[in-house]
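Below is one structure, written out as structure tokens; the observations come after it.
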Amino acid sequence: MTRVLMILTSNDTLGQTGDKTGFYWEEMAKPYWTFRDAGLEVDLASVAGGQPPADPGSDDGNGQRSEAVQRFMDDAEAMQALNTTAKIDEVDPAQYDAVFLPGGHGTMWDLRQTDAVGQAITKIYDRGGVVGAVCHGPAGLLGATLKDGTPLVKGKRVNAFTNAEEKAVGLEDVVPFMLEDALKEQGAKFESSVEEFCGHTVRDGRLVTGQNPASSEMTAHLMCEALEEAGLKAA
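Under the working numbering, read the sequence shown as residues 1 to 235, first letter to last.
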């Protein structure tokens, strides 16, 4: 069975503000069910292992949640997997055909900064696997390189939460770096939608990146497409 490794942030603090953050529910749940419903096996990991923090601003509460998020919360198996994620440096990337990085502002403080995240992405991509990330999840791509040391994103069409969107939510002076700028500094060909906060996903071969929460489902669908083309998933 085709296996997907999903890596979540373990950071629950929004810089020095005292506010809470973490992973973004929709960016985790929609891809999770897209993969599962396509017949893929999904394993959850996080930087520190155990139960990763969820951004409180990403959950509108019972009755207001998106269908995918409510489905996840109502699924005992899925919630057990979320509450007991593997620690990323204890995961064997050779067991996976794809890796996906959900966003949430928490990722800005620990995905790029954790060597095991970049190493897992590198190993999966090097062996012909598919790499995907959405919103702030592409922060983890900044630690991934090709065999010759070239940044994974160099020369590739890439998307992520934009500078304009970061400024629109008032966090440009809170995050440790601007994600769009950091990707461009590594040579990425950054693409984004004309309008802020509307869904936009970019696929460059076996690398798929989405701009914001509205891009989550499409990012997962295009990853499935890339897996099929790579012969790693039955059509």
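We put the beta carbon where it would ideally sit given N, CA and C, even for glycine. Remember, predicted model here, so these are calculated numbers, not experimental data.
Reducing DSSP to helix, strand and coil, say where residue i ends up.
i    : result
S216 : helix
F35  : helix
K87  : strand
For residue i, count neighbouring C-beta atoms within 10 Å of its own C-beta (all shown protein chains included) and say buried if the count is 16 or more, exposed if not.
i    : result
G149 : exposed
G137 : buried
R203 : buried
T34  : buried
T84  : exposed
V194 : exposed
If distances are taken between C-alpha atoms only, which option among the options comes closest to residue i?
i    : options                 : result
T201 : E195, T209 and V194     : T209
V130 : M1, E228, M28 and A116  : E228
L40  : Q51, M1 and K189        : M1
R112 : S215, P53, A144 and D37 : A144
T114 : A48, A230, W25 and R206 : A48
E180 : K20, A139 and P53       : A139
So residue i is in the beta strand (DSSP E); what residue range does that whole segment cover?
i    : result
E41  : E41 to S46
L207 : L207 to G210
T175 : It should be noted that the sequence gives Val, not Thr, for residue 175. It is not in any beta strand (DSSP E) - V175 carries neither H nor E in the DSSP assignment.
Quick test of your reading: residue i and residue j, contact by CB under 8 Å. State the CB separation rounded to the nearest angstrom.
i   : j    : result
D97 : L232 : 4 Å
Y24 : C135 : 6 Å
I7  : S46  : 7 Å
Alpha helix (DSSP H) containing residue i: first to last residue?
i    : result
F100 : It is not in any alpha helix (DSSP H) - F100 instead sits in the beta strand (DSSP E) that spans A98 to L101.
V117 : D115 to D126
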